Each structure stands twice: as structure tokens, then as C-alpha cells.
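So the structure is just underneath, and the comments pick up after that.
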Amino acid sequence: MARTSPAPAPALLDSELLNVFCRVAEARNFSRAAVFLDMAQPIVTRKIKRLEDELGVQLFVRSNRGCELTPEGELLFSRAGGILMQLAQVRDEVSTSSQKVSGTIAIGLPAAAGTLLAPHLMPEVAQRWPDLHVELTEALTGKLMESVATRELSLALVYDPPTDTGLIARPLLMERLHLVGVPRLAKRLDSVKRVQAADLARLPLVLPIRQQVVRVLLEDAFAEAGLPLVPRYEANSPLLLKAMTLQGLGFTVLTLGSMADEVAAGRLVAIPLEDRGMSLSLSLITTKEHGRLRVVQLMADLIEGEVRRMAASGDWPGSPKVIRPAKPLSPA
């Protein structure tokens, strides 16, 4: 009787290839994914080709505008996030059993908070967990929340996160917004004891674009006062807002930490906004899945402790109000 050879075992999916696939699928663009992964684009292309060869299917259709997932790619993408999360949880459990903290954690920070926090945070991480690699990403709150939701980031600091996102949030600070301008322009407000929306309406304003947290707060304040909000200039970058403000093109509205050095040097004047609601809450956010990981919990505790220490010592500009008690970041 003839013997038949057993069917070859299916190849195991490489977690690195899956991670590269997910980044390309999220970006819908090989070049953008390569930047995020800190890889040369040809390497990303080769890894995707290797994964397609292992699976025997085409995962992407490329075009001049980027790339789109094939039906097979959509199926893999719907499962890959869960697979990678399970691998992370296994790694975390094994690491926990040896009390060793290692691997990679991606953290997102807004520009102002990141500039203040990162120089204090990173040496502490290196001292506590020398085998842990931390990747820091700077972006606006909306982008950071999106990146946490899609698991590009494990953890992020954001301003005023909505409560209906499905993410876990731990509020840390309340930061007062300030009206900021060059001394020449600030003289217009010498006789104003308490800056309100009616005062802002008479000033040239350099503001974030619509949908950004500060802009939404200002639009609400102007609407409550029955006034239109018509900025002279708009930008989607804190650096651009700072540059235009330093040039004397108008006043901007930001937390004091965004321009603390320039205010201390006398290049800018900062006036706290006293209207109700003119504050931002700084919160840590993560997903329920990431919140269960020991490394995320440890990092969240370290960030919280460092933020609270800086606020108490005066290292965080603007005398922010510490929010207590803190909510646990891990799901119940």
C-alpha cells in the first residue's frame, strides 16, 4: 500500500512581518509607514513581499496615491491586531514572572507637555528599566488619540480627551490657558484687569485650526458671549503658532508651558484667561487591552508621578492644579 507524505505544516506568521503589515495598512502608504517604523522603504516593501509569499496571497494594491488592502489584506488586518496584542500579553506575563521590564513601548506626547516632561522622564526610565526601549511621538491631541485607538501607541498624554471614545483616561492636571503676545502688542491690555471673550474679539488672533482642543474652547466661549470668532491667522502646528506670535502677527492662546522660555526671557507676555472653562485637563490615555499590560501600568505610574512632582516643585509652568485622586489606568 502506497504511503502518502503528510501535508507540510503551514508557516508560522512572523510577528515582525505582521507589525510592518499593520503599519502599512494603517498608513495606506509605504513611505509613511517606513517613517513610522524607522526603516528604509525598500526594506518595508521586501517584508510585505515576504509576508505575501508566505501566505500565498496579495495583500495590497498600490497606486500613485498610496495603497489599498485587498480582500485578503482586509481579513488579515482584522485579525492581526489581536494576534500582536496576544503576543504582547504573553511577553508581558513572561517578563512579569521574572520581574524584568523589557521590550518596546511607544508613547505619545503633545508638544508643550512633551518638551517639559521628556528630559525628566527618559533618564528615570533608563535608570529603572535599562532593557526597556521607549519610542516617543509628538503630535496634536486628535492624532495621539487616533494612534492610541489603532494601537500605534501604547500610551499617550492628551488634552481634554472626550469620554465617549472607549479609551481609558487618567486625569492628571488642570492647566490654565493664557493669552500670549509680544510686549508691544500686550500694551493694549494694560488697563484690562480680567481678560474675557469680549477683549479677545478686539485683538488679532493667531489660533489653532478648527477641531483642535483650544480652538473648541474658544469657540464655545465666544458663542456664549454672542461674539464671532474670526482669527487673523490659523495653523495646525504649535511651532507655527509660536513663530507667528513671536513675529508680532497677533496673540495666541495656549498653556503657559508652550512658551515658558520665551515668557521668562521677556520676548513674550502671558496673561491668564479667567473666563470659566478656560482650562485644559491633561490626561493619560490607553486602550483596555494595553492597560492590562504590566509595562504600560508601570510607565503610566512613572509618568503620573513625574508630572505631579514637577507641578508641586514649580518645574511645570503656570501653577497647574493637580487632579486627585487619580483613576487607575488598568481596566477593572
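With positions in the sequence shown counted from 1, the corresponding number in our numbering is that position plus 110. Note that the Cβ used here is the ideal one computed from N, Cα and C, for glycine as well. Here the structure is a predicted model, which means the values were calculated and not measured.
DSSP state of Gly218, grouped into three classes? On the sequence shown, position 108 is the one that residue 218 refers to. Looking at Gly218 - three-state DSSP - the assignment turns out to be strand.
Taking only the alpha-carbon atoms, compute the straight-line gap between Ala137 and Asp124 and give it to the nearest angstrom. For the purposes of this step, residue 137 is taken as the residue at position 27 of the sequence shown. For the purposes of this step, residue 124 is taken as the residue at position 14 of the sequence shown. Rounded to whole angstroms, Ala137 to Asp124 spans 20 Å at the Cα level.
In the structure shown, what three-state DSSP assignment does Ala259 receive? Counting from one through the sequence shown, the residue named residue 259 turns up at place 149. If DSSP states are grouped into helix, strand and coil, Ala259 belongs with the helices.
Kindly give me the distance between the Cβ atoms of Asp309 and Leu295, rounded to whole angstroms, as I take these residues to be in contact under 8 Å. Residue numbering aside, residue 309 sits at position 199 when the sequence shown is read from its first letter. Residue numbering aside, residue 295 sits at position 185 when the sequence shown is read from its first letter. With 8 Å as the limit, Asp309 and Leu295 do not qualify as a contact, their Cβ atoms being about 13 Å apart.
Just list the alpha helix (DSSP H) runs in the segment 354 to 395, keeping only unbroken ones of 4 residues or longer that don't cross its boundaries, in chain order. If we require 4 residues or more, the alpha helix (DSSP H) runs fully inside the segment 354 to 395 come out as 370 to 374.
Please classify Ile413 as buried or exposed, where buried requires at least 16 neighbouring CB atoms within 10 angstroms. Taking the first residue of the sequence shown as 1, we reach residue 413 at position 303. Classification of Ile413: buried, given that the 10 Å Cβ count is 16 or more.
Residue from Leu356, Ser212, Pro382 and Lys157 whose Cα sits closest to the Cα of His243: Taking the sequence shown and counting its residues from 1, one reaches residue 243 at position 133. Considering only alpha carbons, the answer is Ser212.
DSSP bridge partner residues for Ala345 (one or two, in chain order): Here residue 345 refers to the residue found at position 235 when the sequence shown is read from its first residue. Beta-bridge pairing links Ala345 to Pro318.
Please classify Asn129: does DSSP put it in a helix, a strand, or coil? The sequence position of residue 129 within the sequence shown is 19, counting from 1. Asn129 sits in a helix when the DSSP states are folded into three classes.
From what residue to what residue does the beta strand (DSSP E) around Leu282 run? By 1-based counting over the sequence shown, the position of residue 282 is 172. Note, Leu282: beta strand (DSSP E), Ile278 to Gly291.
What are the residues that DSSP puts in a beta bridge with Leu179? As a position in the sequence shown, residue 179 is number 69, starting the count at 1. Phe170, per the DSSP bridge assignment.
Return the chain-ordered list of same chain residues with a C-beta closer than 8 Å to the C-beta of Gly387, the five sequence neighbours on each side being excluded. Translated into the one-based positions of the sequence shown, residue 387 becomes position 277. Its chain contains Leu327, Asp330 and Ala331 as the residues whose beta carbon lies nearer than 8 Å to that of Gly387, once the 5 sequence neighbours on both sides are disregarded; these appear in chain order.
Distance check for Glu285 and Glu248, CA to CA, integer angstroms please. For the purposes of this step, residue 248 is taken as the residue at position 138 of the sequence shown. For the purposes of this step, residue 285 is taken as the residue at position 175 of the sequence shown. Going by the C-alpha atoms only, they are around 19 Å apart.
Determine which residues share a DSSP beta bridge with Lys431 and list them. Indexing the sequence shown from 1 puts residue 431 at position 321. DSSP lists Met284 as partners of Lys431.
Can you find at least 3 beta carbon pairs, one from the segment 399 to 414 and one from the segment 343 to 360, that sit closer than 8 Å? Three or more Cβ pairs closer than 8 Å define a contact, and the segment 399 to 414 falls short of that threshold against the segment 343 to 360.
So is Ile215 buried or exposed if we call it buried at 16+ other beta carbons inside 10 Å? Here residue 215 corresponds to residue number 105 of the sequence shown, with the count starting at 1. Result: buried.
Inter-residue spacing [alpha-carbon to alpha-carbon] between Val340 and Met255: Reading the sequence shown from its first residue, position 230 is the one you call residue 340. Reading the sequence shown from its first residue, position 145 is the one you call residue 255. Each residue's Cα considered, the two are about 27 Å apart.
Counting beta carbon pairs with one atom in the segment 359 to 373 and one in the segment 231 to 241, are three or more of them shorter than 8 Å? Taking a cut-off of 8 Å for Cβ pairs, the segment 231 to 241 and the segment 359 to 373 do not touch, as fewer than three such pairs fall below it.
Counting along the chain, where does the beta strand (DSSP E) carrying Val268 start and finish? In the sequence shown, the residue the question calls residue 268 occupies position 158. That run of the beta strand (DSSP E) goes Leu265 to Tyr269.
Distance CB(Leu263)-CB(Gly218) smaller than 9 Å: By one-based count along the sequence shown, residue 263 stands at place 153. By one-based count along the sequence shown, residue 218 stands at place 108. Between Leu263 and Gly218, the C-beta gap is smaller than 9 Å, which places the two residues in contact.
To the nearest angstrom, how far is it from the Cα of Pro382 to the Cα of Pro229? Taking the sequence shown and counting its residues from 1, the one referred to as residue 382 is at position 272. Taking the sequence shown and counting its residues from 1, the one referred to as residue 229 is at position 119. Taking the straight line from one Cα to the other gives about 26 Å.
Please report how far the alpha carbon of Thr155 lies from the alpha carbon of Ala266, in whole angstroms. The count along the sequence shown starts at 1 and reaches residue 155 at position 45. The count along the sequence shown starts at 1 and reaches residue 266 at position 156. Going from the Cα of Thr155 to the Cα of Ala266 covers about 29 Å.
So Val323 packs on Thr225, CB below 8 Å; how close in whole Å? Within the sequence shown, the letter at position 213 stands for residue 323. Within the sequence shown, the letter at position 115 stands for residue 225. Going by Cβ atoms, the distance from Val323 to Thr225 rounds to 17 Å, so no, they are not a contact pair.
Would you kindly check if the distance between the Cβ of Leu392 and the Cβ of Val417 is under 9 Å? Taking the sequence shown and counting its residues from 1, the one referred to as residue 417 is at position 307. Taking the sequence shown and counting its residues from 1, the one referred to as residue 392 is at position 282. Going by C-beta atoms, Val417 is nearer than 9 Å to Leu392.
In this structure, does DSSP put Leu328 in helix, strand or coil? In the sequence shown, residue 328 corresponds to position 218, counting from 1. Here Leu328 sits in helix by DSSP.
In the DSSP output, which residue or residues are listed as bridge partners for Val244? Taking the first residue of the sequence shown as 1, we reach residue 244 at position 134. The partner list for Val244 (beta bridge, DSSP) reads Ile215.
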